[in-house]
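When we follow our numbering, the leftmost residue of the sequence shown carries the number 5, and every step to the right adds one.
Note that the Cβ used here is the ideal one computed from N, Cα and C, for glycine as well.
All figures in this text were calculated on a predicted structure; none of them were measured in a lab.
Encoded as structure tokens, the structure appears first; notes follow it.
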Amino acid sequence: MTVSVTPVTARAHAFVDDLDAPVLSADDHRHFTRVLRLPEGADVTVSNGRGEWRACRLQVQPSLLVKSPVVSEAAPSPPVTVAFALVKGERPELVVQKLTEVGVDRIVPFVAERSVVRWDPEKAEKNAARWREIARHAAMQSRRTWLPAVSVLVPFADVVAL
């Protein structure tokens, strides 16, 4: 069966937990209907973040009307990993966003010997969760079906070991 909607041609793309019964999160549904102003019945695609996706139609409620079978895409080969040194301000968020948009598969932030920025483990974990959310939104924007892995902040020695 040919799928007439692809992640690139759909009006929007999101990630869901279950492709068999796709339901948008409240934030994603609000973004589609209020921010993007997509009408009911608009073609959208959803992915599980592991290379599987399907075409759906937007509905008034967060559940979606399935329009196509699940399509599987092979994992990127070779996988691309990029490590970056932690910098001040909100620059790490921009780095994660742009690396996701260009298709990086694994993002590893690290602390270099001469890094000015130093975070305690709690702050590092909190920021890693935020970076994963930024990567998720960037992947939706760029219609990726594979979510990148975003690691917690590691020392440079761990990057060398990769």
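Exercise. If we count the other Cβ atoms within 10 Å of its Cβ and call it buried at 16 or more, is residue 43 buried or exposed?
Worked result: Stepping through the sequence shown from its first residue, residue 43 is reached at position 39. Exposed.
Exercise. For the putative contact between residue 112 and residue 87, defined by C-beta atoms under 8 angstroms, what is the C-beta separation to the nearest angstrom?
Worked result: If you number the sequence shown from 1, residue 112 lands on position 108. If you number the sequence shown from 1, residue 87 lands on position 83. Sure, about 4 angstroms apart at Cβ, within 8 angstroms.
Exercise. How far does the beta strand (DSSP E) with residue 19 in it reach, from first residue to last?
Worked result: The residue given as residue 19 occupies position 15 in the sequence shown. Residue 19 -> beta strand (DSSP E) spans 16-19.
Exercise. Which residues share a DSSP beta bridge with residue 32?
Worked result: Counting from 1 along the sequence shown, the entry for residue 32 is found at position 28. Beta-bridge pairing links residue 32 to no other residue.
For this session: Kindly confirm or deny that the stretch 57-64 and the stretch 88-105 touch, where touching means at least three C-beta pairs closer than 8 angstroms.
Result: Because the criterion of three Cβ pairs below 8 angstroms is not met, the stretch 57-64 and the stretch 88-105 do not touch.
For this session: Kindly list the residues whose CB is nearer than 7 angstroms to the CB of residue 129, restricted to its own chain and excluding five residues on each side of it in sequence; keep chain order.
Result: For the purposes of this step, residue 129 is identified with residue 125 of the sequence shown, where counting begins at 1. Excluding the 5 residues flanking it on each side, residue 129 has same chain C-beta neighbours closer than 7 angstroms at 156, in chain order.
Exercise. Going by Cα to Cα distance, which pick from 136, 114, 52 is closest to residue 92?
Worked result: For the purposes of this step, residue 92 is taken as residue 88 along the sequence shown, with counting starting at 1. The residue with the shortest Cα to Cα distance from residue 92 is 114.
Problem set entry | Three-state class that DSSP yields for residue 128 in the structure shown | Counting from 1 along the sequence shown, the entry for residue 128 is found at position 124. Under the three-state reduction of DSSP output, residue 128 falls in the helix class.
Exercise. What three-state label does DSSP hand residue 89 in the structure shown?
Worked result: Against the sequence shown, residue 89 aligns to sequence position 85. For residue 89, the secondary structure class from DSSP, reduced to helix, strand or coil, is strand.
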